[in-house]
Amino acid sequence: MLQRSNIVSPEEELQDFYAQLRAQHVTPAWISGGVSTEPKSKAVPYVWHWRDLRPQAMRAAELVGTEQAERRVLRLHNPELEGSSASNTLVANIQIVMPGEIARAHRHSPSALRFIIEGQGGYTVVNGARIPMFPGDLVLTPNWTWHDHANGTDAPMIWLDGLDTPLVRMLEAGFYEQYGEEAQPVGEGADPSLAKYGVGGLRPAWEPAPTARYSPLWHYPLSQARVALERLAAEGAGSPFDGVILEYINPLTGGPTMPTIACYIQLLQPGEHTQVHRQVCCTNYHVIEGSGYSLVGGQQLDWEDKDVFTVPTWTFHEHVNTGNRPAFLFSFTDAPVMKALDLYREEAKG
Ligand SMILES: [Fe+2]
């Protein structure tokens with residue numbers, strides 16, 4: 389009969405064996421801890437309040453120029469993660485560009501998004517396309533696209549940066565390159581990607597559809613998203629877990645904005661308290677406007693306008709709008725990575 393073997397060895401002999409293995413850079417798997425039955429993130433639920441972040445962003449703008457700092461960025465770091473990132477695979481950072489400043493052109497293999505928090509119309513140039521940036525707008529600078537930022541207004545520009553740098557670093561796939569000039573030459577058109585792909589269901593017929601896996605649309609104005617959310621809210625549509633939630637999509641595929649990052653915007657009605665669920669993906673949230681709290685893994689994260697909070701993977705969460713106005717949340721996740729690798733799961737509580 390076949391059965392599990394029952395070999396018992398003296399401790400001394402085992403330790404001697406293990407020492408030999410260590411010297412050969414080999415580790416016996418049976419002594420290095422048990423199997424985990426489900427994901428347990430090292431990251432913890434956490435909220436960064438705008439009332440703390442904004443003064444420090446302004447202070448950074450006083451102390452450090454964009455010549456010294458390639459990007460004047462404050463990284464929000466999760467209290468329990470070793471690197472300086474808000475979540476396991478995605479960073480959530482605050483970047484500030486002051487009036488008259490540029491941040492010079494470069495490109496990198498990590499993909500990035502910008503969600504505009506404050507400003508009166510600075511711009512980002514992505515592969516020669518000039519993209520205006522207004523509060524609440526989502527701007528993409530996908531994998532290996534040249535990008536530089538500029539603020540020709542007389543007000544500070546502050547935005548949330550979302551990048552997949554921790555993931556790319558873990559995969560050891562990071563490339564970076566400096567552009568030959570400080571800024572890229574700007575091509576034709578006031579906002580060309582929006583002109584070509586910004587109206588649902590239509591695309592230019594005189595040129596082939598782009599073949600890149602990221603979205604050809606690089607600017608998603610808040611004005612459009614807000615209209616869509618309010619129209620659905622008026623019809624009583626939405627998810628019991630997230631209220632009226634819309635995904636920003638690649639208009640050519642219906643898929644996520646970029647291969648590694650999915651972006652969402654949601655509306656929670658005054659008094660709304662969502663049901664509880666969890667997913668295999670980490671999520672960083674930015675409160676566009678509104679006030680309330682989220683219960684994340686049993687912890688209460690109070691939030692209001694412009695705060696940032698993080699929900700680690702496979703952590704139960706629910707959202708409550710305690711205000712008397714609709715709450716609008718922007719969020720981005722690594723769900724496309726999980727789905728591409730067949731690792732994604734979702735579960736409702738109860
Ligand atoms: Fe960059």
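With positions in the sequence shown counted from 1, the corresponding number in our numbering is that position plus 388. Every residue gets a Cβ at the ideal spot worked out from N, C-alpha and C, and that includes glycine. What you are looking at is a predicted structure, and each value in this text was computed from that prediction instead of being measured.
- Every residue whose beta carbon comes nearer than 6 Å to a heavy atom of ligand 1 appears here in chain order: 494, 496, 500 and 535.
- Taking a 10 Å sphere around the C-beta of residue 712, we find fewer than 16 other C-beta atoms and assign the residue as exposed.
- The beta carbon of residue 565 is closer than 6 Å to those of 495 in its chain, skipping five residues each way along the sequence.
- Uninterrupted beta strand (DSSP E) stretches at least 3 residues long and entirely within the stretch 673-723 occur at 680-684, 687-691, 696-699, 705-709 and 715-721, given in chain order.
- Nearest C-alpha to residue 535 among 548, 574, 470 and 561: 574.
- Distance between residue 432 and residue 468, taken at the CA atoms: about 6 Å.
- For residue 570, the CB contacts under 6 Å within the same chain, skipping 5 residues up- and downstream, are 492 in chain order.
- DSSP places residue 483 inside the beta strand (DSSP E), whose first and last residues are 479-485.
- Close CB contacts of residue 677 within its chain, under the 6 Å cut and outside five residues either way in sequence, are with 693 and 716 (chain order).
- For the 7 Å CB-CB criterion, residue 597 and residue 665 do not form a contact.
- Within the same chain, and ignoring the five residues on either side of residue 629 in sequence, the residues whose Cβ sits closer than 6 Å to its Cβ are 662, 663 and 665.
- Taking a contact to require three or more Cβ pairs closer than 8 Å, the stretch 505-522 and the stretch 536-552 qualify as touching.
- Counted as a single uninterrupted DSSP element, the beta strand (DSSP E) harbouring residue 527 occupies residues 526-529.
- Burial is judged here by how many other beta carbons sit within 10 angstroms of a residue's own beta carbon; residue 688 has fewer than 16 and is exposed.
- Between the alpha carbons of residue 428 and residue 578 lies a gap of roughly 46 Å.
- Apart from sequence neighbours up to five positions away, the residues of its chain that approach residue 419 with a beta-carbon distance below 8 Å are 406, ordered along the chain.
- In terms of CA proximity to residue 719, 551 leads the group 551, 581 and 622.
- About 5 Å separates the beta carbon of residue 504 from that of residue 525, a gap short enough to meet the 8 Å contact definition.
- The distance from the Cβ of residue 701 to that of residue 668 is about 6 Å, consistent with a contact at the 8 Å cut-off.
- 7 Å or more divides the Cβ of residue 533 from the Cβ of residue 722.
- About 13 Å separates the CB atoms of residue 448 and residue 464; that is not less than 8 Å, and the two are not in contact.
- Excluding its 5 nearest sequence neighbours in each direction, residue 411 has no C-beta neighbour in its own chain below 7 Å.
- Rounded to whole angstroms, the Cβ separation of residue 482 and residue 501 is 14 Å, and the two are not in contact under 8 Å.
- Each of 417, 603 and 636 was checked against the Cα of residue 653, and the nearest Cα belongs to 636.
- By a beta-carbon distance limit of 8 Å, residue 631 contacts residue 657. Their separation comes to about 7 Å.
- The C-beta distance from residue 679 to residue 710 rounds to 6 Å, short enough to meet the 8 Å contact threshold.
- For residue 557, the enclosing alpha helix (DSSP H) begins and ends at 553-558.
- Around the beta carbon of residue 440, fewer than 16 other beta carbons sit within 10 angstroms, so the residue counts as exposed.
- Taking each of 436, 485 and 466 in turn and checking the Cα distance to residue 454, the smallest one comes out for 485.
- Inter-residue distance for residue 542 and residue 558 is about 40 Å (C-alpha atoms, whole angstroms).
- Relative to residue 599, the option among 626, 480, 641 and 487 whose CA is nearest is 641.
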